[in-house]
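A.B. asks: Numbers -11 to 242, taken from our numbering, label the letters of the sequence shown in order.
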Amino acid sequence: MSSVSAAAPNSHWPYPRFIAHRGGGTLAPENTLAGFREARHFGFQGIETDVMLTADGAAVLSHDPVLGRVVKSSSPVASLTLKEIKTLDAGSLTAQKWAGERIPTLEEAIEACEANGLFMNIEIKPASDSAAQATAQETVRIVRTLFEGKSLPLLSSFSRNALAEAAVEAPEIPRGLLLEGIPTDWKEVCMKLAVKTVHPDWQSVTPDFVEEAHAMGLGVMCYTVDSPDTADALFTLGVDAVCTNRLDLFADCR
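(1) How big is the Cα-Cα spacing for residue 71 and residue 1?
(2) Between the stretch 188 to 197 and the stretch 209 to 224, do at least 3 Cβ pairs fall closer than 8 angstroms?
(3) For a quick check, are the C-beta atoms of residue 10 and residue 233 less than 9 angstroms apart?
(4) So if DSSP puts residue 99 in a beta bridge, which residue, or which two residues, is it bridged to?
(5) Go through its chain and collect everything with a Cβ distance to residue 158's Cβ below 8 angstroms, but skip five positions before and after it.
(6) Tell me the rounded alpha-carbon separation between residue 152 and residue 86.
(7) Indicate the three-state DSSP secondary structure (helix, strand or coil) for residue 188 in the structure shown.
(8) Just the Cα atoms here: how many angstroms apart are residue 163 and residue 117?
(9) Where residue 215 and residue 240 are concerned, what is the direct C-alpha to C-alpha distance, given to the nearest angstrom?
(10) Using C-beta distances below 6 angstroms, list every residue in its chain close to residue 183, excluding the 5 sequence neighbours before and after it, in chain order.
(11) On a CA-only basis, which of 30, 229, 223 and 231 is nearest residue 104? Give me that one, please.
(12) Is residue 208 helix, strand or coil when you go by DSSP?
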């Protein structure tokens, strides 16, 4: 049986140790309000979610630039207006009991997380490289407005351009750099972008990486960790947090 447990936040990572990937992981439609409720049901204190822009510039939750995997549509998100997005079924492809679930706006997601006491890791996920600046600007605008006077969320992105824009627009909102593999210039990029955290895929993490990140004052959260035994091993290396799809397997150790 795994010994994985929830540790107190530390100076590198002042956030929950376990983060629900795309809101509900694999147990509910991803990036939906139903997913956030599922995360809370399993006792999670934090969620990760993805944001991109519609054709008319609204910030909505979606991981995929082109719909069809989890939403009943084959259209690119950036080709649809918010009104059109709101007609789509975002639930039944996951399970019929979720039929009729809608794609939320970022504003709706923030309100739902506040109501459920959930910390937010908001991934800025531009639908294309050319959309990085606008996606970051709109995300920051909404976060600044709705989190005024409150504890701020963590913004993250694979897009260096999006993080650079977020830093210019709102340097006070903490940012994290997502990594696929460990690029040779990761330390230079983290310093240039003034990020607070770094988020590598768990298979790439080494003890040296964690030690170097902590020496730079960075928190380390790994994705996507779906085994408590894997989480144990990562925590032994010094990793601060994990993002998981399997809310059920981590329900007793948030």
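Glycine residues also receive a C-beta, built at the ideal position from the N, C-alpha and C atoms.
C.D. replies: On the basis of the coordinates in this document:
(1) 38 angstroms
(2) yes
(3) yes
(4) DSSP, once it has assigned bridges, lists no residue as partnering residue 99.
(5) So the list reads 128, 131 and 132, once near-sequence residues are dropped.
(6) 37 angstroms
(7) strand
(8) 19 angstroms
(9) 13 angstroms
(10) 163, 164 and 165
(11) 30
(12) strand
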